[in-house]
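These notes are about the structure you will find just below.
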Amino acid sequence: MEKTWNNKAWFMVLPVLLLVAFSAVIPLMTVVNYSVQDTFGNNQFFWAGTEWFEEVLHSERFHASLGRNLVFSFIILAIEVPLGIIIALNMPRKGWGVPVCLVLMALPLLIPWNVVGTIWQVFGRVDIGLLGRTLANLGINYNYVQNPMHAWFTVIIMDVWHWTSLVVLLCYAGLVSIPDAFYQAAKIDGASRWAVFRYIQLPKMNRVLLIAVLLRFMDSFMIYTEPFVVTGGGPGNSTTFLSIDLVKVAVGQFDLGPAAAMSIIYFLIILLLSWVFYTVMTNYDAER
Amino acid sequence: MARIDLNHIRHAYGSNPRSDKDYALKEVHHSWEDGGAYALLGPSGCGKTTLLNIISGLIHPSHGQLLFDGVDVTNLSTQERNIAQVFQFPVIYDTMTVYDNLAFPLRNRGVPQAEIDRKVRETLEMIDLASWADKKARGLTADQKQKISLGRGLVRSDVNAILFDEPLTVIDPHMKWVLRSQLKQLHQRFGYTMVYVTHDQTEALTFAQKVVVMYDGEIVQIGTPEELFERPKHTFVGYFIGSPGMNVMPVKLSGGMAQIGSHQIQLPSPVMPANAKVIELGIRPEYVRLGRTGMPVKIAKVEDIGRHKIVRTKLENQDIAIIVEEGGDIPAEPHVAFDPKGINIYADSWRVGGQ
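Structure, rendered in structure tokens:
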């Protein structure tokens, strides 16, 4: 049979191509363009080569925000993943409790980022916030505006509050897909609660956990809005994560070259780390 | 191994059962012998899985008691009952090796390491998986996985009974035969009390010494495969076992004769059921003779299924299936005769009369 060729089909793809070009390729190329040139305005550009990249890579300020970001991601993963699993394990499997729990879990996910930031900014305030006042009344000298530790504490609690639900919902989906027979067999085999978790529930949650870790890592590594609203990156630079720093460089100081170089490095780091996570976890999965 | 006594057991899934209809399992009162191989046979929803789960302790019966060797275990948990169960879909611990899967129930019970090793190796031999011991269980085929589920029961020396819940559903047909005969061998060699739930009559008849036929929440007959075939106690048994099932037709009894439509048939022994609403005559297709004498029938259809032919005929308005040997004669003016030893009489669906 002869194949029919119809080149009109290309026109069908055109809208998508245009859309992707305008939404992704062209902006990205602009960034690349800025990252290798220097400009003093007036649309005058001078070739800078890898100068900005070297500058960013050697800048202590960049190292510091990268470090903060890594620590932040590590802490929230270490809290949200186990906490999410524990909550998912204790959620009801049937009855009226299921929809109630699911809605309660989904609520934080539905709140826009800057609203979450505002909520916690007010919530934590020492003068009017519920949390701030309560802690003050308990005799704890809590002040996230001045104390870096308190600022970190607030930002982390906020993220845990906002995003643990995602891990919970993913794990819950993994858990409900386990047939009853597995639990019955485990009962018959005399398995302890821990053994049931270790040998039945955890292996079945494996894949969703991989997705949860990836999503939470990428998201937390790109976090911007909430800490920006709550702490504005302060006190000092203590909660200045990469994206906040990037905005400071690009918009605050209008250093387009370094900012562009930083964007690209930032992007590559996320890509690299996600790839590493993914490969390590899928290989681990295949081995077992 | 243990004798299992089912003492007036009834079960309803809803609370507050009022009438018989609310019971998924109507009264069951039987004793199953130690070391027996029983098959629970019946269509979907007849209560056979409910009964199995009551024995295994996954369901607590609404009424009645369950005894293992005379000891009341009704209120004991599944673990305490010491039973093994093989489920419809293979349940294995994916992340463990075959060896660890079998060792798991023993380790959970704190059996000493040397004993575990000895029992596991022994069981691996029994289920023919010795060479797979160190492989991850997840890479195995469905029938091997089912063997592991079985092995996890066999490995415990103290199990009271091994329960099977339609264990061959996901197994390829030719492997079904192999597994079934291996099960039978294990039973003969080690004398486990086995209870096997299935809706497949071939499976039940080949596996079990005693087949328990269930229908609509009741046990309608417990018998050897032969008894079920020759003397079905209930028209349902006649219809459910055999392929095709028993021919059942309404008759009128008078003296030693049965009247079907306008025809009279001599019964092997006279029966006179008292005040039954419906009297029926049942005869298996194997006992209907197609020939040139007897009652005239019309042939509706002939199905050739290889070993023999199934001839579907009409005797007046009554459908009658007949099995004719391959190469058997199908006359142009067909008549049927009933072999007297295959005739059973049913009053309100239950068999009446001797033997």
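In order, the protein sequence lines correspond to chains A and B.
Its first residue numbered 1, the first sequence is counted upward by one per residue in UniProt numbering.
Its first residue numbered 1, the second sequence is counted upward by one per residue in UniProt numbering.
Virtual Cβ for every residue (Gly too), placed ideally from N, Cα, C.
Partners in chain A for residue i, counting only beta-carbon separations shorter than 9 Å
i: residue 158 of chain B; result: Near residue 158 of chain B there are no residues of chain A at all, since even the closest Cβ is about 12 Å away, more than 9 Å.
Chain-ordered chain B contacts of residue i [CB-CB under 7 Å]
i: residue 199 of chain A; result: 93, 95, 96
i: residue 195 of chain A; result: 108
Beta carbon proximity, residue i to chain A, threshold 8 Å
i: residue 84 of chain B; result: yes
i: residue 78 of chain B; result: yes
i: residue 108 of chain B; result: yes
i: residue 152 of chain B; result: yes
i: residue 104 of chain B; result: yes
Within-8 Å CB hit, residue i to chain B
i: residue 188 of chain A; result: yes
i: residue 192 of chain A; result: yes
i: residue 173 of chain A; result: no
i: residue 78 of chain A; result: no
i: residue 181 of chain A; result: yes
i: residue 112 of chain A; result: no
i: residue 203 of chain A; result: yes
Proximity of residue i and residue j at Cβ, strictly below 8 Å
i: residue 337 of chain B; j: residue 289 of chain B; result: yes
i: residue 21 of chain B; j: residue 10 of chain B; result: no
i: residue 274 of chain A; j: residue 210 of chain A; result: no
i: residue 178 of chain A; j: residue 204 of chain A; result: yes
i: residue 52 of chain A; j: residue 257 of chain A; result: yes
i: residue 215 of chain B; j: residue 229 of chain B; result: no
i: residue 162 of chain B; j: residue 84 of chain B; result: yes
i: residue 109 of chain A; j: residue 165 of chain A; result: yes
i: residue 235 of chain A; j: residue 145 of chain A; result: yes
i: residue 172 of chain A; j: residue 88 of chain A; result: yes
i: residue 35 of chain A; j: residue 260 of chain A; result: yes
i: residue 273 of chain B; j: residue 197 of chain B; result: no
i: residue 127 of chain B; j: residue 147 of chain B; result: yes
i: residue 207 of chain B; j: residue 184 of chain B; result: yes
i: residue 301 of chain B; j: residue 324 of chain B; result: no
i: residue 47 of chain B; j: residue 199 of chain B; result: no
i: residue 160 of chain A; j: residue 60 of chain A; result: no
i: residue 2 of chain A; j: residue 113 of chain A; result: no
i: residue 137 of chain B; j: residue 78 of chain B; result: no
i: residue 91 of chain B; j: residue 149 of chain B; result: yes
Contact set between residue i and chain B, taken where Cβ atoms lie within less than 9 Å
i: residue 184 of chain A; result: 53, 56, 58, 78, 85, 87, 91
i: residue 15 of chain A; result: Here the premise fails: no neighbours, minimum Cβ distance about 45 Å.
i: residue 64 of chain A; result: Residues of chain B passing the Cβ test: none, with the nearest at roughly 41 Å.
Sequence-distant residues of the same chain with beta carbon closer than 6 Å to residue i, five excluded per side
i: residue 39 of chain A; result: 45
i: residue 84 of chain A; result: 164, 167, 168, 171
Own chain partners of residue i with C-beta closer than 7 Å, once the 5 adjacent residues on each side are dropped
i: residue 269 of chain A; result: none
i: residue 251 of chain B; result: 258, 259, 260, 279, 280, 281
i: residue 8 of chain B; result: 27, 29, 63, 64
i: residue 93 of chain A; result: 176
i: residue 105 of chain B; result: 152, 155, 156
i: residue 34 of chain B; result: 1, 2, 3, 193
i: residue 69 of chain A; result: 221, 241, 242
i: residue 170 of chain A; result: 208, 211, 212
i: residue 249 of chain B; result: 260, 280, 281, 318
i: residue 89 of chain B; result: 170
i: residue 59 of chain B; result: 11, 50, 53
Contacts around residue i, its chain only, beta-carbon distance under 8 Å, and the 5 residues preceding and following it disregarded
i: residue 218 of chain A; result: 270, 274
i: residue 111 of chain A; result: 119, 162
i: residue 31 of chain B; result: 3, 4, 5, 6
Q. Where in the segment 117 to 176 of chain A do unbroken runs of the alpha helix (DSSP H), each at least 4 residues long, occur, reported from the N-terminal end onward?
A. Runs found: 130 to 137, 148 to 176.
Q | Segments of 4+ residues assigned as alpha helix (DSSP H) that fall wholly inside the segment 204 to 265 of chain B | A | For the segment 204 to 265 of chain B, whole alpha helix (DSSP H) runs of length 4 or above, ordered along the chain, are 225 to 230, 235 to 240.
Q: Tell me the start and end of each unbroken beta strand (DSSP E) in the segment 3 to 71 of chain A that is at least 3 residues and wholly inside, in chain order.
A: Runs of the beta strand (DSSP E) inside the segment 3 to 71 of chain A: 37 to 39, 45 to 47.
Q | In chain order, each beta strand (DSSP E) run of at least 3 residues that lies wholly inside the segment 291 to 339 of chain B | A | Listed in chain order, they are 298 to 304, 308 to 315, 318 to 325, 335 to 338.
Q | Uninterrupted beta strand (DSSP E) stretches inside the segment 38 to 83 of chain B (no shorter than 3 residues) | A | As far as the segment 38 to 83 of chain B is concerned, its whole beta strand (DSSP E) runs of at least 3 residues are 63 to 68.
Q) Which full runs of the beta strand (DSSP E) of 3+ residues lie inside the segment 226 to 288 of chain A, going along the chain? A) Taking only runs of at least 3 residues, no beta strand (DSSP E) segment lies wholly in the segment 226 to 288 of chain A.
Q. Counting only runs that start and end within the segment 108 to 181 of chain B, where is the beta strand (DSSP E) found for 3 or more residues in a row?
A. Counting whole runs of 3 or more residues, the segment 108 to 181 of chain B contains the beta strand (DSSP E) stretches 161 to 165.
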